[in-house]
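The structure appears right after this line, and notes come after that.
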Amino acid sequence: MRDFVSAQPRIEARGLRIAREGKTLLDVGALVLEGAGPTLILGPNGAGKSLLLRCLHGLIAPDTGAVTQDGEPLASMHRARQAMVFQKPVLLRRSVLANMTYVLRRQGLGWAARRTRAMALLDEGGLGAKAHQAASSLSGGEAQRLAILRALATEPDILFLDEPTSA
Numbered sequence: 596m597r598d599f600v601s602a603q604p605r606i607e608a609r610g611l612r613i614a615r616e617g618k619t620l621l622d623v624g625a626l627v628l629e630g631a632g633p634t635l636i637l638g639p640n641g642a643g644k645s646l647l648l649r650c651l652h653g654l655i656a657p658d659t660g661a662v663t664q665d666g667e668p669l670a671s672m673h674r675a676r677q678a679m680v681f682q683k684p685v686l687l688r689r690s691v692l693a694n695m696t697y698v699l700r701r702q703g704l705g706w707a708a709r710r711t712r713a714m715a716l717l718d719e720g721g722l723g724a725k726a727h728q729a730a731s732s733l734s735g736g737e738a739q740r741l742a743i744l745r746a747l748a749t750e751p752d753i754l755f756l757d758e759p760t761s762a
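Under my numbering, residue 762 is the last one in the sequence shown; the count climbs by one each step, no gaps.
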């Protein structure tokens, strides 16, 4: 796998505010995340951590403020260099292996190369023996592990993990 510490992406959020029905759900004056290593965002339940991650990943647009990556407005080209693992894993209704090979299509690999890479990652993550099982048959922890492996397979510059140990 790729050395994530060597990449130095930078995400900045300025003046982010999200409100619904008159209630402020997220209010961030300024936030700078440097790619020199892992960054942990802590807070009590309902503090807006998941909302912040979705906003930084470009899934939710703030009412005010902006998010930039490497000094440029967040755009689809940046999202292609990011990956996000949600608190509740989002998996395809297919086999464990198909979940992995699907994300590897973006890298322009042929079927044989995708399958080889996917199996190597599944073996490394302890899911190789379950490659041909339906992803829906996995336990909560296994499903979370598959979601993380799938995100890592894309070799993102930035990996957002929302409650990665919840399962």
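Even glycine gets a Cβ: it sits at the ideal position worked out from N, Cα and C.
Check: Residue burial classification, Val-627 (beta-carbon count within 10 angstroms, cutoff 16); Outcome: exposed
Check: Val-680 vs Ala-748 beta-carbon contact at 8 Å; Outcome: no
Check: Alpha-carbon spacing of Ala-614 relative to Glu-719, whole angstroms; Outcome: 42 Å
Check: Nearest-angstrom Cα separation, counted from Ile-655 out to Arg-649; Outcome: 6 Å
Check: Cα-Cα separation, Pro-684 to Gly-666; Outcome: 30 Å
Check: Nonlocal neighbours in the same chain, by C-beta distance under 8 Å from Leu-692, ignoring five residues either side; Outcome: Arg-710, Ala-713, Met-714, Leu-717, Ala-726, His-727
Check: With 16 other Cβ atoms within 10 Å as the buried cut-off, status of Arg-701; Outcome: exposed
Check: Residue from Thr-696, Ala-678, Lys-644 with nearest C-alpha to Leu-620; Outcome: Lys-644
Check: Range of the contiguous beta strand (DSSP E) that encloses Asp-622; Outcome: 618-629
Check: His-652 versus Ala-707 - alpha carbon distance; Outcome: 31 Å
Check: Whole-Å CB distance - Gln-677 paired with Pro-751, under 8 Å assumed; Outcome: 5 Å
Check: Alpha-carbon spacing of Glu-616 relative to Gly-630, whole angstroms; Outcome: 35 Å
Check: Beta-carbon proximity check, Ser-540 vs Gln-682, cutoff 8 Å; Outcome: Since the displayed the chain opens at 596 and closes at 762, residue 540 lies outside it and no answer follows.
Check: Alpha carbon of Asn-694 to alpha carbon of Pro-759, nearest angstrom; Outcome: 18 Å
Check: Cross-strand partners of Leu-611 (DSSP beta bridge); Outcome: Val-623
Check: Top-ranked residue by Cα proximity to Leu-611, from Leu-669, Gly-624, Gly-721, Gly-723; Outcome: Gly-624
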